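**Q** One structure follows; several queries about it will come next.
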Ligand SMILES: [Ca+2]
Ligand SMILES: [Ca+2]
Ligand SMILES: [Zn+2]
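In my numbering, the protein residues as written are -2 to 403.
Rendered as structure tokens:
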């Protein structure tokens, strides 16, 4: 059943999966607490699509769990560096299909009680988020708080740079820097504006938390949380989520973020060409998040090349080549052939274009060039094309697709 959050209009589902028999009597209360956590977060965030939340008892191969019974964030990361839930929240597309988008894994060795790091957890009979609610002597923390914590990971507090090497760099990782003191800091502009400085991240444990040295009012995304308390949303988490691309529509205490514009040149529906001077590669993007991520990472935004047509006739498919460059095609047969080729990794639909068959009058041809070194360049500029045509470094491969003129 799809639910809607009155405050923001966001939609969601919630499932319990693999609930141990010993917890069947408590499962309604567990669901009620998880639901309250979603509604609580949903008062502040407006997301697109339908976020599918889960409380799932199972082993999670991704994290190859070895420690105490405990909780772990449910989700996964796309090549773009966004989590599934983050992508769906921003773009409204559910890219992991039937799988749940975010939530909590619970190690199943807790057969008939909820444990976190060996301690029994509190399941609040009132499903309250009030920070003054006593949570008993359990020591394992409050289930509602821990679930809320895990779903913030699903929404983008997720470092793969620390845990899975640097080949996959998340939007979160892009918002962090290691300073001379050896510590990592979150440097998102909204967060820095609010906090007054970059926010120190956990030095031990997992870097997608802020450090336990922050003032104790900051609890929800703290590493080594204060387990005898309810963890509450503060503006710090909300501004970190805003820096991660989420649409935060409400803040606490009347706070209103400064109008910080990183890329005010971006226009929805325009396709930008970006250039990497150190590798000589080019990329087309109509995705403000992607442009934001790669600009400054050696990529220069050359500006809008054309618009993605509103009445497009085909998808444009993007591949990553083993050589490091991108390859684009609007030809479905070529797309299917390259999908079988191990030196091409399919990245998905880049945006929509006009196919080469009967392009409308006034549309802009995109001409494909192949260099002697095997990389491709797509050009919409007649001046650039005449230079490329005159060069013996480049071979004109013809019109690849058409864009809408701006
Ligand atoms: Ca979904
Ligand atoms: Ca899904
Ligand atoms: Zn965590």
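Glycine included, each C-beta is placed from N, C-alpha and C at the ideal position.
It should be emphasised that the depicted structure is a prediction, and the values quoted were computed from it without experimental measurement.
Between the C-alpha atoms of residue 125 and residue 157, what's the straight-line distance to the nearest angstrom?
**A** Distance between the alpha carbons of residue 125 and residue 157: 33 Å.
**Q** Considering only residues of the same chain and omitting the five flanking positions on each side of residue 44, which have a CB-CB separation below 6 Å?
**A** Closer than 6 Å at Cβ, skipping near neighbours: 7 and 86.
**Q** Whole alpha helix (DSSP H) runs in the region 93 to 153 with 4 or more residues, listed along the chain?
**A** Listed in chain order, they are 140 to 151.
**Q** Could you name each continuous alpha helix (DSSP H) segment of 4 residues or more that falls completely within the region 323 to 351, going from the start of the chain to the end?
**A** Counting whole runs of 4 or more residues, the region 323 to 351 contains the alpha helix (DSSP H) stretches 329 to 336.
**Q** Spell out the partners DSSP gives residue 362 in its beta bridges.
**A** Residue 362 pairs with 399.
**Q** Which residues in the same chain have their Cβ closer than 8 Å to the Cβ of residue 354, if we skip the five residues on either side of it in sequence?
**A** Excluding residues within five positions, the ones whose Cβ falls inside 8 Å are 310.
**Q** Pull the bridge partners of residue 392 from the DSSP assignment, please.
**A** Residue 392 is bridged to 367.
**Q** Do you know how far the Cα of residue 116 is from the Cα of residue 192?
**A** Approximately 33 Å between the Cα atoms of the pair.
**Q** Is residue 6 helix, strand or coil when you go by DSSP?
**A** Reduced to three states, the DSSP call for residue 6 is coil.
**Q** If I'm right that residue 428 touches residue 314 with Cβ under 8 Å, what's the distance once you round it to whole angstroms?
**A** Nothing about residue 428 can be reported from this structure: the residues present for the chain run from -2 to 403 only.
**Q** Let me have the residue list for ligand 1: C-beta closer than 6 Å to any non-hydrogen atom, ordered along the chain.
**A** Matched residues: 46, 47, 48, 49, 85, 91 and 98.
**Q** Please list the terminal residues of the continuous alpha helix (DSSP H) segment that includes residue 158.
**A** Counting along the chain, the alpha helix (DSSP H) containing residue 158 begins and ends at 157 to 160.
**Q** Does the beta-carbon of residue 384 have 16 or more other beta-carbons within 10 angstroms, so that it is buried, or is it exposed?
**A** Counting Cβ neighbours within 10 Å, residue 384 comes out exposed, since fewer than 16 surround it.
**Q** What separation, rounded to the nearest whole angstrom, lies between the Cα atoms of residue 284 and residue 297?
**A** Approximately 15 Å between the Cα atoms of the pair.
**Q** Excluding the 5 residues flanking residue 83 on each side, which residues of the same chain have their C-beta closer than 6 Å to its C-beta?
**A** Taken in chain order, the residues that qualify are 152 and 153.
**Q** Hey, how far is the Cα of residue 213 from the Cα of residue 143?
**A** Looking at the two C-alpha atoms, the distance is approximately 16 Å.
**Q** Taking just the CA atoms, how far does residue 217 sit from residue 15?
**A** Their Cα atoms are separated by approximately 26 Å.
**Q** To the nearest angstrom, how far is the alpha carbon of residue 398 from that of residue 339?
**A** If you take the alpha carbons of residue 398 and residue 339, they lie about 25 Å apart.
**Q** Just to check, is the beta-carbon of residue 93 closer than 6 Å to a non-hydrogen atom of ligand 2?
**A** Yes - ligand 2 has a heavy atom lying nearer than 6 Å to the Cβ of residue 93.
**Q** When we look at the beta-carbon of residue 139 and count the other beta-carbons within 10 Å, is it buried (16 or more) or exposed?
**A** Buried, because 16 or more other Cβ atoms sit within 10 Å of the Cβ of residue 139.
**Q** Can you check the region 234 to 309 for any alpha helix (DSSP H) of at least 4 residues that lies completely inside it and give the ranges in chain order?
**A** As far as the region 234 to 309 is concerned, its whole alpha helix (DSSP H) runs of at least 4 residues are 285 to 291.
**Q** So, for residue 12: in the same chain, excluding its five sequence neighbours on each side, which residues have a beta-carbon less than 6 Å away from its beta-carbon?
**A** 51, listed in sequence order.
**Q** Taking 6 Å as the cut-off, is the CB of residue 96 close to at least one heavy atom of ligand 2?
**A** Yes - ligand 2 has a heavy atom lying nearer than 6 Å to the Cβ of residue 96.
**Q** Taking residue 132 as the reference, which of 240, 228, 56 and 4 has the closest Cα?
**A** Comparing Cα-Cα distances from residue 132 to each of 240, 228, 56 and 4, the minimum goes to 228.
**Q** Could you pull out every residue in the same chain whose Cβ sits closer than 6 Å to the Cβ of residue -1, ignoring the five residues on either side in sequence?
**A** Cβ within range, chain order: 8, 10 and 47.
**Q** As a quick exercise: from 190, 279 and 159, pick the residue whose alpha carbon is nearest that of residue 367.
**A** Out of 190, 279 and 159, 279 has the C-alpha closest to the C-alpha of residue 367.
**Q** Measure the Cβ-Cβ separation of residue 181 and residue 80 and say whether it is below 7 Å.
**A** Cβ atoms of residue 181 and residue 80: not closer than 7 Å.
**Q** CA-CA distance, residue 68 and residue 147?
**A** When rounded, the distance between both Cα atoms is 8 Å.
**Q** Could you tell me if residue 357 is buried or exposed, where buried requires 16 or more neighbouring beta carbons within 10 angstroms of its beta carbon?
**A** Exposed: under 16 other Cβ atoms inside 10 Å.
**Q** Quick test of your reading: residue 282 and residue 401, contact by CB under 8 Å. State the CB separation rounded to the nearest angstrom.
**A** That belief does not hold up - the Cβ atoms of residue 282 and residue 401 are roughly 16 Å apart, past 8 Å.
**Q** So is residue 145 buried or exposed if we call it buried at 16+ other beta carbons inside 10 Å?
**A** Flag for residue 145 reads buried.
**Q** Given a cut-off of 7 Å on the beta-carbon distance, is the pair residue 322 and residue 372 in contact?
**A** Yes; because the gap between Cβ atoms is below 7 Å, this pair is in contact.
**Q** Can you give the beta carbon distance from residue 303 to residue 246, rounded, assuming they're within the 8 Å contact cut?
**A** Actually they do not touch by this definition, with Cβ atoms about 32 Å apart.
**Q** In the DSSP assignment, what are the bridge partners of residue 373?
**A** In the DSSP output, where bridge partners are listed per residue, residue 373 has 367.
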